[in-house]
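Numbering (this note's numbering), first residue to last: -11 to 606.
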């Protein structure tokens, strides 16, 4: 605000001058934040106000900001809250509204977009009211420190804001004369028309402007760290899953975020890996790190670039994998993917990458399992991922409940499919050996097709509904997930057990049918095939942990289909024989001998060596 009356006292004159200078500097800083961005205001019709009418009068109720990053939108919303509102933007102009309601028009002369290599963005605008040409720039403090004029407070304040968990941007400006801009534009156009080394020449021309810029302000944007991160990370740790945080933030911000999220506990030591530039420094720092025990590691992307591809890749990964938590800061998107690939190659473990922004896409696609969080950063990560979640806290349920159930169900289903096929193969082998290896099939036509489909398909595939514990219990005790890390549900041991079961049951059914049949070959087929179907249905019932009503329907449906189809199978099965008492007791005896020992063994194992989850379900 301009002073309306001239001051009468000299001391007041000096104070007013200082106040006016500070006011103009604050105004310039706010104006720079309101102009240097890629945000576009969009006016949406709300059913009452016409869209064109709203855009013409810049109605606040209809305005929505659109940008590639939520940080950009946050900055523009802040300038609106202090009185300088972005009301219009197209490819060549920007309109701002002052607190007094005046529209300030600016012409966009050049835009230099943000890149991960440059870590900054810039814009050159001309004020339509005064004709002044100004070059505004904002970027990371590490690059802007060498661009702005020397000052003694930038580094200290950036460190203070970073330790509060804020993403720091440095905003600066440079006034240009018409001659300076025309000279720059000519060189810039010439560089863009170059055939060789175009990118390098364009960057060189832009850097000629980026010198001795006036530092305006620092902005700190809080990352969208949700309150549900802490319990989720605690759940993952208890489940035996190691968590690495890969971020583009600076070291202080990344360390603060890791502490706030409880990735690093308050009592845990943190080893900050010093910046290394050559092999000697890397060797000394690795030796210092080797002497630390049970401490979290914080390392920058620049140090990783020296360590990993060049000198001490194996040694670093061996030490880092022993840490309870690792934080990699100042990581480029390609580095994130590289770290995931190294973990896969060096440890042989499965990796799961979780991200919410476009810079996490390469990491998500490189991992064995990619999870995208759909939030304010957009949908790039969720579209590129295998699984998409709306909040980070859902990751716990995705792994502890759905992931655990999926693994155990897939293990049971795959082993049961092997058992089903191996059982009938064993019967065919026994049958052929008894009849001097004659090339005579035991089951022909529809019998073999029906066995693989309608007779056993429904109960076997109903195993995908099985679960050993309730979802609430799996979330409450993430330690149950540790059993999966050992690979016990699906291993060579379990595979061999199922092979032995298949050979035992196939042999019992076949030899039992051969011993108990009376005179005709068709009786062997009737007895053995019926016993085989009943054995499969009983084995599914033996495998199930928690019954679902669809499982019961599947069992009854399969049995009903077999009984109903006997009417049409008179070519293969003697219909009159299966109605006799002799057939029933023979089938019952063979089925009991093939299944009862397995039920007894299962009971004894549960009695004397119960699994961990049985203690929670009892």
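Each residue gets a CB set at the ideal place from its N, CA and C atoms; glycine is no exception.
In whole angstroms, what separates the C-alpha of residue 425 from that of residue 452?
39 Å
In this structure, does DSSP put residue 255 in helix, strand or coil?
coil
Decide yes or no for the touch test of the segment 493 to 504 against the segment 417 to 433: beta carbon pairs closer than 8 Å, at least 3 of them.
yes
Would you decide whether residue 113 is buried or exposed? Buried here means 16 or more other CB atoms lie within 10 Å of its CB.
buried
With the cut-off set at 8 Å, would you say residue 454 and residue 534 are in Cβ contact?
yes
In chain order, which continuous runs of the alpha helix (DSSP H) of length 4 or greater are located wholly inside the segment 200 to 285?
217 to 226, 239 to 248 and 267 to 278
Check the Cβ-Cβ distances between residue 251 and every residue of chain D, and say whether any is below 8 Å.
Among the chains of the structure shown, chain D does not appear; only one protein chain is present.
Extent of the continuous alpha helix (DSSP H) run through residue 424
No alpha helix (DSSP H) holds residue 424; DSSP gives it neither H nor E.
Residue 199: buried (16+ other C-beta within 10 angstroms of its C-beta) or exposed?
Burial call: exposed.
Distance between beta carbons of residue 561 and residue 569, contact taken as under 8 Å:
Not a contact, Cβ separation roughly 17 Å.
What ranges does the alpha helix (DSSP H) occupy inside the segment 434 to 470, keeping only unbroken runs of at least 4 residues that lie completely in it?
434 to 440, 445 to 449 and 459 to 464
DSSP on residue 551, reduced to helix/strand/coil?
helix
Tell me the DSSP secondary structure of residue 122 in three-state form.
strand
How close, in whole Å, do the beta carbons of residue 236 and residue 340 come, if the pair is a contact with beta carbons under 8 Å?
Not quite, the Cβ-Cβ distance comes to about 20 Å (not below 8 Å), so this is no contact.
Do the segment 483 to 496 and the segment 245 to 263 touch if we need at least three Cβ pairs shorter than 8 Å?
Contact between the segment 483 to 496 and the segment 245 to 263 is absent, because fewer than three Cβ pairs lie under 8 Å.
Excluding sequence positions up to five away, which residues of its chain have a Cβ less than 6 Å from the Cβ of residue 76?
83
Could you tell me which residues DSSP pairs with residue 576 in its beta bridges?
Answer is none; residue 576 lacks a bridge partner.
Would you kindly work out how many angstroms separate the C-alpha atoms of residue 163 and residue 71, rounded to a whole number?
One alpha carbon belongs to residue 163, the other to residue 71, and they sit about 24 Å apart.
At a cut of 8 Å, does the segment 231 to 247 reach the segment 390 to 401 through at least three beta carbon pairs?
no
Could you name the residues that DSSP lists as bridge partners for residue 607?
This structure gives no information on residue 607, because the portion of the chain shown stretches from -11 to 606.
According to DSSP, is residue 107 helix, strand or coil?
coil
For residue 37, does the three-state DSSP call read helix, strand or coil?
Any reading at residue 37 must be qualified, since the residue scores a pLDDT of 43, below 50, and its modelled position is unreliable; the value itself is stated next. Looking at residue 37 - three-state DSSP - the assignment turns out to be coil, as it is neither helix nor strand.
Going by beta carbon distance, what residues of the same chain come within less than 6 Å of residue 271, once the five residues before and after it are set aside?
Counting only Cβ-Cβ distances below 6 Å, and skipping sequence neighbours, we find nothing.
On the DSSP letters alone, give me the boundaries of the alpha helix (DSSP H) that residue 501 sits inside.
It spans 480 to 504 - the alpha helix (DSSP H) in which residue 501 sits, taken as one unbroken run.
Where does residue 571 sit, in a helix, a strand or coil, going by DSSP?
Here residue 571 sits in helix by DSSP.
C-alpha distance - residue 450 paired with residue 518, whole-angstrom precision:
21 Å
Using the beta-carbon count (16 or more within 10 Å), is residue 159 buried or exposed?
buried
Beta-carbon separation of residue 108 and residue 131 under 8 Å?
Yes; because the gap between Cβ atoms is below 8 Å, this pair is in contact.
Pairwise C-alpha distance: residue 60 and residue 133:
21 Å
Can you give the Cα-Cα distance for residue 538 and residue 439, rounded to whole angstroms?
20 Å
Looking at the structure shown, is residue 162 part of a helix, part of a strand, or coil, going by DSSP?
Here DSSP, grouped into helix, strand and coil, assigns residue 162 to strand.
For residue 92, three-class secondary structure by DSSP:
Secondary structure at residue 92: strand, using DSSP grouped into helix, strand and coil.
Could you check what DSSP says for residue 682 in three-state terms: helix, strand or coil?
As shown, the chain starts at -11 and ends at 606. That puts residue 682 outside it, with no answer to give.
Assigned secondary structure, residue 403 (DSSP; H/G/I helix, E/B strand, else coil)
Looking at residue 403 - three-state DSSP - the assignment turns out to be helix.
Does DSSP put residue 70 in a helix, a strand or coil?
DSSP places residue 70 in coil when its eight states are reduced to three.
What does a CB cutoff of less than 7 Å around residue 602 pick up in its chain, not counting 5 residues either side in sequence?
The residues are 594.
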